Amino acid sequence: MSRSSIDEISSSGAFQRTLSTFRNFISRDPSSQFPAESERYHLYISYACPWASRCLAYLKIKGLEKAISFTSVKPRWERTKETDEHIGWVFPSSLTEEPAAEPDFLNGAKSIRALYELANPNYTGKYSVPVLWDKKLKTIVNNESSEIIRMFNSEFNEIAENAALDLYPPHLQSSIDETNEWVYDSINNGVYKCGFARTQEAYDEAVQKLYEALDKCDVILGRQRYLCGNMLTEADVRLFVTLIRFDEVYALHFKCNKKLLREFPNLFNYTKDIFQFNGMSSTVNMEHIKQNYYGSHPTIDPFGIIPSGPGIDYSFSHDRDRFT
Ligand SMILES: N[C@@H](CCC(=O)N[C@@H](CS)C(=O)NCC(=O)O)C(=O)O
């Protein structure tokens, strides 16, 4: 049966994310199966999805817009087939149907599910975004965002307009890896564990870990501009996509309301700082974000009503310039 992440629940009622399945790598080596070539690859995203948004953030800040095209699906999940009940990501049928979403001009697919089925007719996993598509071999290269961002960072430097920006520099790799581990478990995935929990115990455990990790970040960001020092790295982009959704969605929809992001002075200013980094703000579409979460999880929010607030403006001034 086709499943969504909201169904990935253990016997104790806790959310358990399953692993991505397409794990090929694009390489700067021209003789590899998936060589880094301009205009060969396409990124399918949803602006709503934090994992897809981190890939889009890399595409923009590395200056890969001319080399790698992208399409966003519609924010609200819909039925993907008439023959079963699965709901998931679908494309609009015209350019005017949904602002910022586009039909799939490349493959003519109606849904992300259809792309997975095109790549592998026997595929039985989740139909998730992001999807990194190879136009030449007509298949999915990779659907795991943590790997896609690594490829975008290092493998396209011959064609990237901002090749000098290295978000995973050798001297910080172990610190970035170590940070990613607890940030992913407690914060990026932690908010989902709070929101998708089906027992009080599973929620209590997730929410406690989440706030311990947010407090830890706030302390780190009280002594340096970014998580791994005074330069922006992968660890920051990965944290940012969760923080930018925090007060607008997670606080209410996922019950992460012990403290709001804007009550953490360092984390809040840090979020504004990254939002204002070249290219970043164009990757944040709050309309899509709110429509998706509040409108696509009927077991949490059966009526799909989108709350009006809080409408925070992340382009306001911040105090992070105090670190040089
Ligand atoms: N491990 C994946 C996770 C991606 C993921 O969970 N995407 C969600 C949207 S935020 C999705 O497409 N879910 C579809 C579904 O659950 O059916 C990654 O980081 O790339």
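Just so we're on the same page, this note's numbering is the position in the sequence shown counted from 1, plus 403.
Note that CB positions come from ideal geometry on N, CA and C, so glycine has one too.
For clarity, every value in this text was computed on a predicted model and none was experimentally measured.
Using CA coordinates, which residue listed in the options is at the minimum distance from residue i?
| i | options | result |
| --- | --- | --- |
| Arg-457 | Ile-709, Arg-648, Gly-712 | Arg-648 |
| Ala-605 | Ala-512, Ser-589, Leu-446 | Ser-589 |
| Glu-637 | Val-594, Ser-548, Ile-703, Asn-660 | Ser-548 |
| Pro-713 | Thr-702, Phe-657, Met-689, Asn-695 | Met-689 |
| Asn-672 | Thr-499, His-691, Ser-435, Arg-723 | Arg-723 |
| Val-640 | Glu-468, Ala-455, Trp-492, Glu-501 | Ala-455 |
| Phe-555 | Leu-570, Lys-541, Thr-542, Ile-543 | Leu-570 |
| Gly-731 | Lys-484, Ser-577, Ser-407 | Outside the modelled stretch of the chain, which goes from 404 to 727, sits residue 731, for which no answer is possible. |
| Lys-465 | Ala-566, Gly-598, Tyr-595, Thr-527 | Ala-566 |
| Ala-609 | Leu-646, Leu-630, Lys-658, Thr-582 | Lys-658 |
Mapping DSSP to helix, strand and coil, what is residue i?
| i | result |
| --- | --- |
| Ile-703 | coil |
| Thr-645 | helix |
| Ile-543 | strand |
| Glu-481 | strand |
| Phe-425 | coil |
| Val-687 | coil |
| Pro-438 | strand |
| Val-594 | helix |
| Gly-698 | helix |
| Tyr-629 | strand |
| Phe-418 | strand |
| Ile-692 | helix |
| Ser-430 | strand |
| Val-409 | One detail in the question is off: residue 409 reads as Ile in this sequence, not Val. Here Ile-409 sits in helix by DSSP. |
Which stretch, first to last residue, makes up the beta strand (DSSP E) that contains residue i?
| i | result |
| --- | --- |
| Asp-722 | First-last for Asp-722: undefined, no H or E at that position. |
| Asp-537 | 534-537 |
| Thr-636 | Element bounds for Thr-636: n/a, residue is neither H nor E. |
| Phe-473 | 472-475 |
| Leu-446 | 444-448 |
Taking all protein chains shown into account, decide if residue i is buried (16 or more other Cβ within 10 angstroms of its Cβ) or exposed.
| i | result |
| --- | --- |
| Asn-681 | exposed |
| Gly-625 | exposed |
| Val-644 | buried |
| Asp-537 | buried |
| Asp-580 | exposed |
| Thr-602 | exposed |
| Val-622 | exposed |
| Gln-419 | exposed |
| Phe-728 | The question about residue 728 has no answer here: the residues shown for the chain are numbered 404 through 727. |
| Phe-706 | exposed |
In whole angstroms, what is the alpha-carbon distance linking residue i and residue j?
| i | j | result |
| --- | --- | --- |
| Tyr-587 | Leu-422 | 14 Å |
| Glu-520 | Ser-531 | 12 Å |
| Thr-474 | Tyr-450 | 10 Å |
| Arg-665 | Ile-715 | 9 Å |
| Ala-522 | Tyr-461 | 24 Å |
| Arg-443 | Ile-471 | 7 Å |
| Thr-486 | Pro-710 | 33 Å |
| Asn-427 | Leu-568 | 24 Å |
| Ser-557 | Leu-575 | 15 Å |
| Ser-430 | Thr-424 | 19 Å |
| Ile-409 | Thr-727 | 42 Å |
| Asn-591 | Cys-620 | 13 Å |
| Glu-505 | Ile-562 | 26 Å |
| His-700 | Leu-635 | 33 Å |
| Lys-539 | Arg-479 | 30 Å |
| Ile-490 | Gly-598 | 19 Å |
| Cys-452 | Lys-662 | 23 Å |
Along the alpha helix (DSSP H) that carries residue i, what are the first and last residues, could you check?
| i | result |
| --- | --- |
| Tyr-606 | 603-623 |
| Ser-456 | 453-464 |
| Ile-579 | 576-586 |
| Phe-555 | 548-557 |
| Arg-516 | 515-522 |
| Pro-668 | 668-678 |
So is the beta-carbon of residue i under 6 Å away from any non-hydrogen atom of ligand 2?
| i | result |
| --- | --- |
| Trp-454 | This structure does not include ligand 2; its bound ligands are ligand 1. |
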